[in-house]
Amino acid sequence: MGDSLPGHFRIPVSSGIQNSFRNNIKGLDAYSRHKKLINDYYLYYNGTKEKFKKEEKVQTEYDILKKEFKFIRTEKDNDDSTWEKRIAKKYYDKLYKEYCLANLKYYKEYKIALRWRIERELISGKGQFICGNVDCSETENLHSWEVNFAYKEDNEKKML
Numbered sequence: 005m006g007d008s009l010p011g012h013f014r015i016p017v018s019s020g021i022q023n024s025f026r027n028n029i030k031g032l033d034a035y036s037r038h039k040k041l042i043n044d045y046y047l048y049y050n051g052t053k054e055k056f057k058k059e060e061k062v063q064t065e066y067d068i069l070k071k072e073f074k075f076i077r078t079e080k081d082n083d084d085s086t087w088e089k090r091i092a093k094k095y096y097d098k099l100y101k102e103y104c105l106a107n108l109k110y111y112k113e114y115k116i117a118l119r120w121r122i123e124r125e126l127i128s129g130k131g132q133f134i135c136g137n138v139d140c141s142e143t144e145n146l147h148s149w150e151v152n153f154a155y156k157e158d159n160e161k162k163m164l
C-alpha cells in the first residue's frame, strides 16, 4: 500500500546489486558511511573528481599508544599537557601491574618481550595461576620470579 502513494516508486534492481551495495557500506560507522555517500555523490553526479580528495592519514588511538606508551611511567611521563599523553596514561592505569606476561618467541636471540596483564588475563589467572608465557597454558609446577631487566625506550636504555 505504501508503494501506491503518489511520488513513491520502486526501481526494480537485481538482488545481487542490492546485496553488494549493502555489504559495501554495512560495516561502516555512521560518519564513514556519510563520507562515502557524499564522495560518491560528488564523483558520480557532479562529474568532478577534483572535489574528491583522499583524507589525510587519521591517527588512531592505537597509533597514539604506540608512540606515547611507557612500560614503566615516571612522574615526568605523567604530564597531562597533551591529549595523546592523557590517552597513554589512561591506558596505563587500566593495566594490572602485579605480574608480567612474557613472549619468549625470540629467546634464542636473547630477546624476551614483557607486558602487563589486562583484565581478562587477570580474571583467568594468566601469569599467576597459569604460566606467564603468552603461548603456554601450563598450570602445574609454576614458580614466580622477580627479574632484573633492562630495556630500551625512546632510544634510551632503562634498567630496573
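Residue numbering for the sequence shown follows our numbering, beginning at 5 and increasing consecutively. Every residue, glycine too, gets a C-beta built ideally from N, C-alpha and C.
When Cβ pairs closer than 8 angstroms are counted between the two stretches, the stretch 65-77 is seen not to touch the stretch 39-47, the count staying below three. Straight-line spacing of the CA atoms in isoleucine 76 and serine 36 works out to 36 angstroms. By the C-beta criterion, the stretch 103-117 is judged to be in contact with the stretch 137-153, since at least 3 inter-stretch pairs fall below 8 angstroms.
In the structure shown, asparagine 82 adopts helical secondary structure according to DSSP, grouped into three states. In the three-state reduction of the DSSP assignment, arginine 77 falls in the coil class, being assigned neither a helical nor a strand state.
Its chain contains no residue whose beta carbon lies nearer than 6 angstroms to that of alanine 34 once the 5 sequence neighbours on both sides are disregarded. The alpha-carbon of glycine 129 is positioned some 13 angstroms away from that of glutamate 144.
In this structure, leucine 99 lies near arginine 121, with their beta-carbon atoms less than 8 angstroms apart.
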